[in-house]
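2 protein chains.
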Amino acid sequence: MLEFAILGILHEAPMHGYVLRKRLHETLGMFRTFSYGSLYPTLRRLLRAGLIVEEAVDPVTGWNRRAKRVYKLTAEGKERFAELLADAGPQTWDDEGFGVHLTFFSRTPADVRMRILEGRRRRVEERREGLRAALARAEEKIDRYTRELHQLGLEASEREVRWLNELIAHEQAEQRGKET
Amino acid sequence: MLEFAILGILHEAPMHGYVLRKRLHETLGMFRTFSYGSLYPTLRRLLRAGLIVEEAVDPVTGWNRRAKRVYKLTAEGKERFAELLADAGPQTWDDEGFGVHLTFFSRTPADVRMRILEGRRRRVEERREGLRAALARAEEKIDRYTRELHQLGLEASEREVRWLNELIAHEQAEQRGKET
DNA sequence: CTTCGATGTATCGAGCCGATATACTCGGTC
DNA sequence: GACCGAGTATATCGGCTCGATACATCGAAG
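So the sequences go chain by chain: A and B. Once you know that position 38 of the first sequence is 38 in UniProt numbering, the rest is easy, because the numbers rise by one and skip nothing. Once you know that position 102 of the second sequence is 102 in UniProt numbering, the rest is easy, because the numbers rise by one and skip nothing.
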């Protein structure tokens, strides 16, 4: 997840970890936030894997022990990002994963976009059915608060399914447009 | 989170880890699920802390190395649960935490309920404003898909704020009813 | 009589978080 | 010219959680 996001953002330009985190926050902040406690370890993992390199490390001035590093995408990194873009696995169907992947949707191949949207729809439909079942099953027994929350969740699921249907229809129309 | 949920469920009856996980899933499944990979380590932590005890460990039959354990709440465990119930910190405002806490709302003191609902409202309002700002800021620049998702999220936030307002009003009415 | 699904306990590696520590730089202010 | 707060920047630590995996029993269906 974080690896995918880092690789995606670094396509813009090489940057400091700090700036990267800010861009991450600006771009994905509404779906997901990442802390430094995961960012820096992940950057080192990507370095080891050769997906990014350190460029223009500022010399250590005085007795400052921490050099300022600029991270830059490598060819392997771009390749890896393309692979991740083409992946429509289950991690792209949950709330956060879907949000993050959707952020890079304009760079995602049309067929993968479709598989992600359909996977997400299946996921949300399952949740919707689960909530319907829970509401039908209980009626009397369960807590008033829980029932209210289930009701709210059910409406949200129904709306999202409608939203997804529209998006999917739109994608299909676009596909047909290109074919002719 | 898991500690809170375990303690809450174990109020029903002592049970096996396996059964506990099932009850957890039935009760909270719509907001949050927990894997065995977190359940068993957490149970051992609670054992060490004296919040639960092993009761009626089935004898190891044959060359079965794994005994069946029944976990039971202790007085300290009940106390701890009461403490957690009375906590209205930020972890009760996010999606999952709110869902879990709401599950035990009928056992939560009225003033704590109110603080949780208000905290949650503040949280959702912040998200709503963030989404509004994002939609206003961009309009042209940002990705079509992101904009659509922001729009969906904005509507969901608005609905949830309304939902919370109704719940809060209801709680207040109930309070006034009891006072007189 | 075997296989399959449910019951049941458990570990491992890895990702991620929140809190915390450490420094430098630049603008303003007293 | 000393001081301070906010922003820039890197980094670690302990702890929680997940998904995958492994092991083992038991009843029922075939």
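In this text, a Cβ means the ideal position worked out from N, Cα and C, and glycines have one as well. No experiment lies behind these values; they were computed from the predicted model shown.
Quick check: is the beta carbon of H150(B) nearer than 8 Å to any beta carbon in chain A? yes
Could you name the residues of chain A that T42(B) contacts, counting a contact when the two beta carbons are closer than 8 Å? Neighbours of T42(B) on chain A: none; closest Cβ ~21 Å, over 8 Å.
Could you check which residue in R45(A), L2(A), I9(A) has the C-alpha nearest to that of T33(A)? Closest option to T33(A), Cα to Cα, is L2(A).
Near-chain A residues of the region 94-111 of chain B (beta-carbon distance less than 7 Å), N- to C-terminal order: Per Cβ criterion, the list reads G99, L102, T103, F105, S106.
Taking all protein chains shown into account, decide if Y71(B) is buried (16 or more other Cβ within 10 angstroms of its Cβ) or exposed. buried
Can you pull out the residues from the region 121-134 of chain A whose beta carbon lies closer than 9 Å to at least one beta carbon of chain B? Among the residues of the region 121-134 of chain A, those with a Cβ less than 9 Å away from any Cβ of chain B are R127, G130, L131, A134, in the order of the chain.
Counting along the chain, where does the alpha helix (DSSP H) carrying I6(B) start and finish? 2-10
With 16 other Cβ atoms within 10 Å as the buried cut-off, status of R107(A): exposed
Near M30(B), what residues of its chain come up, given a Cβ to Cβ distance below 8 Å and the 5 sequence neighbours on each side ignored? G99
Residues bridged to M15(B) by DSSP? Per DSSP, Y71(B).
Integer Cβ distance of E125(B) from V161(B), believed to fall under 8 Å: 6 Å
I'd like to know if A156(A) contacts chain B, where contact means its C-beta is closer than 8 Å to some C-beta of that chain. yes
Using the C-alpha atoms, what's the distance from F4(B) back to L154(A)? 25 Å
Just checking my contact of L7(B) with T146(A) at CB under 8 Å: how many whole Å lie between their CB atoms? Going by Cβ atoms, the distance from L7(B) to T146(A) rounds to 18 Å, so no, they are not a contact pair.
Let me see if you follow: with CB-CB separation under 8 Å, is G119(A) close to chain B or not? No, no contact with chain B.
Residue range of the unbroken alpha helix (DSSP H) whose run includes I168(A): 144-179
Mind listing the chain A neighbours of G153(B)? Cutoff is C-beta to C-beta under 9 Å, in chain order. M30, F31, G99
Going along chain B, which residues have a C-beta under 9 Å from E160(A)? L152, A156
I'd like to confirm something about R176(B): is its beta-carbon nearer than 7 Å to some heavy atom of the ligand NAD, or not? The model depicted lacks the ligand NAD and carries no ligand whatsoever.
Going along the region 74-94 of chain B in order, which residues come within less than 7 Å of chain A, judged by CB to CB distance? Near chain A, meaning a CB-to-CB distance below 7 Å, no residue of the region 74-94 of chain B qualifies.
With 16 other CB atoms within 10 Å as the buried threshold, where does S38(A) fall? exposed
Are there 16 or more other CB atoms within 10 angstroms of the CB of S157(A), so buried, or fewer, so exposed? buried
Leaving out five residues before and five after P109(B) in sequence, what residues of the same chain have Cβ atoms less than 8 Å from its Cβ? Within the same chain, P109(B) has close Cβ partners L85, A86.
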